[in-house]
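If you count by the working numbering, then the sequence shown holds residues 273 to 454, one letter each, in order.
Don't be surprised by glycine CBs; every beta carbon is placed ideally from N, CA and C.
Here's the structure, in structure tokens; my notes come after.
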Amino acid sequence: MIIYDAKSNNTKKAFVLFLLLFLLSVPIVLAQPDEIILEHNRSLKDRKRPPVFFNHELHMEEIDCLDCHHRYENGENVLDEDELEDGNPAALCITCHKAEKSADLKKTFHGSCLKCHIQESKNGNNRSPRICIGCHKQKPNTHPQKQDMKVNNGKRKCFECHKQKRNTHPLKQDMEVNNGKR
């Protein structure tokens, strides 16, 4: 004689359902974006360029965590790397730097980033961006113009299209685009 235990069967179903949901959620929880947006809204309200899309994983291969993440006391970085949350590159700087002035924060970003990028360039790493548009990029499909617009083999100048910003670019205004070379 088989005795049917409905309570035990419901418990098994609940356990299997829980286990299935848990296993399906693991990849979602562990997935982290390759790129994060650095301070694109609240803290840099006066920005004139697109935000910086920062590849956290790429930088982790090259530099130490404490080169960017810090908590200073008496001029010394006292942050313990163990305090950093693993796999959470999306932690925004403004989490701690709430009272920072926009101009100060922008100056800090440029100083911290360019210090390494310029040195990398001197060491022969040509992949390391050194000019504004190397980091401040429009994401694909966000530019108001056609995405497949091409510069005509280096014969057109940037400001033939971008006239409204003519005198704001830090580089020479009549700089020729040279087929991706300098």
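Are the CB atoms of Cys-385 and Cys-407 within a distance shorter than 9 Å? Start at 1 with the first residue of the sequence shown, and residue 407 comes out as number 135. Start at 1 with the first residue of the sequence shown, and residue 385 comes out as number 113. Cβ distance < 9 Å, so Cys-407 and Cys-385 count as in contact.
Status (buried if at least 16 other CB within 10 Å, exposed otherwise) for His-382: Counting from 1 along the sequence shown, the entry for residue 382 is found at position 110. Classification for His-382: exposed.
When you compare the CB positions of His-341 and Leu-351, do they come within less than 9 Å of one another, or not? Counting from 1 along the sequence shown, the entry for residue 341 is found at position 69. Counting from 1 along the sequence shown, the entry for residue 351 is found at position 79. Contact: yes.
Under 9 Å, do Arg-343 and Ile-405 count as touching if we go by C-beta distance? As a working note, residue 343 is residue 71 in the sequence shown. As a working note, residue 405 is residue 133 in the sequence shown. It is not a contact, given that the beta carbons lie outside the stated cut-off.
Tell me whether Val-288 is buried or exposed, calling it buried when 16 or more other Cβ atoms sit within 10 Å of its Cβ. The residue given as residue 288 occupies position 16 in the sequence shown. Counting Cβ neighbours within 10 Å, Val-288 comes out exposed, since fewer than 16 surround it.
Ile-405, enclosing alpha helix (DSSP H) - first and last residue: To locate residue 405, count along the sequence shown from 1; it is residue 133. Its alpha helix (DSSP H) spans residues 404–407.
By the DSSP assignment, the alpha helix (DSSP H) with Glu-334 in it spans what residues? Within the sequence shown, numbered from 1, the residue matching residue 334 stands at position 62. Note, Glu-334: alpha helix (DSSP H), 328–334.
Could you please give me the residues that DSSP links to Glu-355 through a beta bridge? Working through the sequence shown from its first residue, we reach residue 355 at position 83. In DSSP, Glu-355 forms no bridge with anything.
Please report the distance separating the alpha-carbon of Leu-292 from that of Thr-283. Looking up residue 292 in the sequence shown gives position 20. Looking up residue 283 in the sequence shown gives position 11. Taking the straight line joining both Cα atoms gives about 14 Å.
Going by DSSP, which residues form a beta bridge with Asn-349? Here residue 349 is taken as the residue at index 77 of the sequence shown, counted from 1. In the DSSP output, where bridge partners are listed per residue, Asn-349 has Tyr-344.
Reference Pro-401; option with closest CA among Lys-379, Asp-336, Ser-297, Phe-325: Taking the sequence shown and counting its residues from 1, the one referred to as residue 401 is at position 129. Among Lys-379, Asp-336, Ser-297, Phe-325, the Cα nearest to that of Pro-401 belongs to Phe-325.
Cβ atoms of Leu-338 and Asn-349: under 9 Å apart, would you say? For the purposes of this step, residue 349 is taken as residue 77 along the sequence shown, with counting starting at 1. For the purposes of this step, residue 338 is taken as residue 66 along the sequence shown, with counting starting at 1. Yes, they are a contact pair.
Report yes if the CB atom of Cys-388 is closer than 9 Å to the CB atom of Glu-353, and no otherwise. Here residue 388 corresponds to residue number 116 of the sequence shown, with the count starting at 1. Here residue 353 corresponds to residue number 81 of the sequence shown, with the count starting at 1. Result no, Cβ atoms of Cys-388 and Glu-353 do not sit closer than 9 Å.
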